[in-house]
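Have a look at the structure below, then the notes.
Chains as they are written, first to last, in my numbering: chain A, 30 to 174; chain B, 30 to 174; chain C, 30 to 174; chain D, 30 to 174.
See below:
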């Protein structure tokens, strides 16, 4: 099996916004991806919890990596939906995504998001979305992640 | 009509993540909110477009402000869904959200997102979600934004 | 402008499930579609309101017709999301869908659903989804509506 | 453990629309529900596959039963999202829903939908949604299923 983690980490490192947020790729394999974001004050909202936008970023990007693992490198998120379940606090935010169904040009993926504190993970949000192969640039119909 | 923009801007300024992203509140009134994020390199992905996570942040936060304008200050995003339509580039990202229906404890809102370049706005994503009144802290079932 | 309503009605009449539900196509044009379902007891749930499944059918099918109006006849619903706002009762259920963005192979559409009673329409649900051009049958990755 | 299947089947039998579609409750327990709809011609679209509206009905209702199993009998679907993965044909449609997270007033659930043919089940759609406890009738903000 080819090593996907190295190339995956290089892609993540080439996304300035992922660098700004401090995202790390923990796992990346056929149909799966796991991102980790260490929680720091800059990522919070006014009540001291992690901002929902950080969680939606993590869902979006983990979904995209999972879909990209089966469709190829150049993919875009067409759409996704997220349900927030609990406020997020702790040491880090984990986003674990997996492909549910792979078609010819797109993959439907799910992502569970966990607040990790002292080694215990607690489900805090769950997402579902569609990742599409990128058409040639002039055809791009969706946001490139 | 009371001035809502001032208080709204103070809430936004109290969200460290919104400060990190450089978000500004352009409009805030009964059932409506508009956020603006000046586009800078730190907010991009590897192809030079604005990262989808920035767009989902803007949708999430604009939906929350719109819902909060009719439900009260302490609200949370329960869930939302976003469709990405086009890659985002230009001067700034605009997120315009409005309440579609207001219930007793929650509001359903929509948000259109535009890439603004030299004064022209282009629709690039659209979102729909549920904003809920925050219960007492111990009952919080959803992410606090 | 070519008459789209006639051909649209023939498609609707060729869907046995739409016939079972009594759906009618009121309007069908470039980027728009409106379905009407007269409310009868068979379409209700245990409390006397129209069943959510009837509403989701109407949203799904109106979205598909709207998308099909710009993409061509053979389209499928890839995905959609619906928020229920109020219980539905009255004379009929109306589903008004419109294209928000048209890409090369798919269209993102929205649909507002109304309960109509004695001529007054009341918003009762709202939906958003993706309609895709049907690939050749062997490639079909999504549900054909 | 109390028998939930009998009461669940009585609720399903009291929904005229579920009777019209021929839905059966196969399993119903703490946090789980499985519906089965035998496929017949009346449930199809123009290409001979099961209509997407039947699938969205099954998702909606299975999500509601799963949520109701932990929240109590009087619940409503607030919202859900569905991705269609494959055309549905065969002997029956199965909808298997489970609670992902239970809050005080609402539960987030997922539902996988399968086309069953000669004993083999094939994933054909997947859904995620929010089920809410029904407030007193005058407060009802969502569709009652």
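C-beta: ideal position from N, C-alpha, C; glycine also.
Residue pairing from DSSP places residue 122 of chain B in a beta bridge opposite B:66, B:144.
Residue 110 of chain D has a beta carbon lying within less than 8 Å of a beta carbon in chain A. With respect to residue 81 of chain C, residue 106 of chain D sits close: the two C-beta atoms are nearer than 8 Å. Apart from sequence neighbours up to five positions away, the residues of its chain that approach residue 55 of chain C with a beta-carbon distance below 6 Å are 63, 65, ordered along the chain.
Taking 9 Å as the upper bound on Cβ-Cβ separation, chain D lies near residues 129, 130, 132, 137, 139, 141, 152 of the segment 122-152 of chain A. For residue 157 of chain B, DSSP records a beta bridge to B:110, B:139. Judged by DSSP secondary structure, residue 96 of chain A falls within the alpha helix (DSSP H) whose first and last residues are 81-100. Per DSSP, the unbroken alpha helix (DSSP H) holding residue 37 of chain B starts and ends at 34-42. In the three-state scheme derived from DSSP, where H, G and I count as helix and E and B as strand, residue 71 of chain D is classed as helix. The closest CA to that of residue 41 of chain D, considering only D:95, D:70, D:79, D:121, is found on D:95.
When the Cα atoms are used, residue 108 of chain D and residue 109 of chain A turn out to be separated by approximately 14 Å. In terms of CA proximity to residue 137 of chain A, A:158 leads the group A:36, A:158, A:32.
Under the DSSP assignment, residue 55 of chain D falls outside any alpha helix (DSSP H), being part of the beta strand (DSSP E) whose first and last residues are 53-58. Residue D:128 holds the alpha-carbon nearest to the alpha-carbon of residue 98 of chain D among D:49, D:163, D:128.
Taking the Cβ atoms as the reference, residue 119 of chain C lies roughly 6 Å from residue 145 of chain C, within the contact range of under 8 Å. Taking 8 Å as the cut-off, the beta carbon of residue 153 of chain A is found no closer than this to the beta carbon of residue 92 of chain A. Cα atoms of residue 88 of chain A and residue 78 of chain D: separation of roughly 33 Å, rounded to the nearest angstrom. Only residues of its own chain outside the window of five on either side were considered, and among them 154, 155, 156 have a CB closer than 8 Å to the CB of residue 112 of chain A, listed in chain order. Chain-order list of chain D residues neighbouring residue 98 of chain B: empty, with the shortest C-beta distance near 18 Å, by a criterion of under 9 Å. Using a Cβ distance threshold of 8 Å, residue 45 of chain A and residue 59 of chain B do not count as a contacting pair. Distances from the alpha-carbon of residue 57 of chain C to those of C:67, C:47, C:68, C:34 put C:34 closest. Interface criterion not met: the Cβ of residue 43 of chain B is under 8 Å from no Cβ in chain D. Per DSSP, the beta bridge partners of residue 149 of chain C are C:146. Residue 83 of chain C is classed as buried because its beta carbon has at least 16 other beta carbons within 10 Å across all chains shown. For residue 105 of chain C, the secondary structure class from DSSP, reduced to helix, strand or coil, is strand. If the five residues before and after residue 130 of chain C are omitted, its C-beta is found closer than 8 Å to the C-beta atoms of 136, 137, all from its own chain and listed in chain order.
In the three-state reduction of the DSSP assignment, residue 117 of chain C falls in the coil class.
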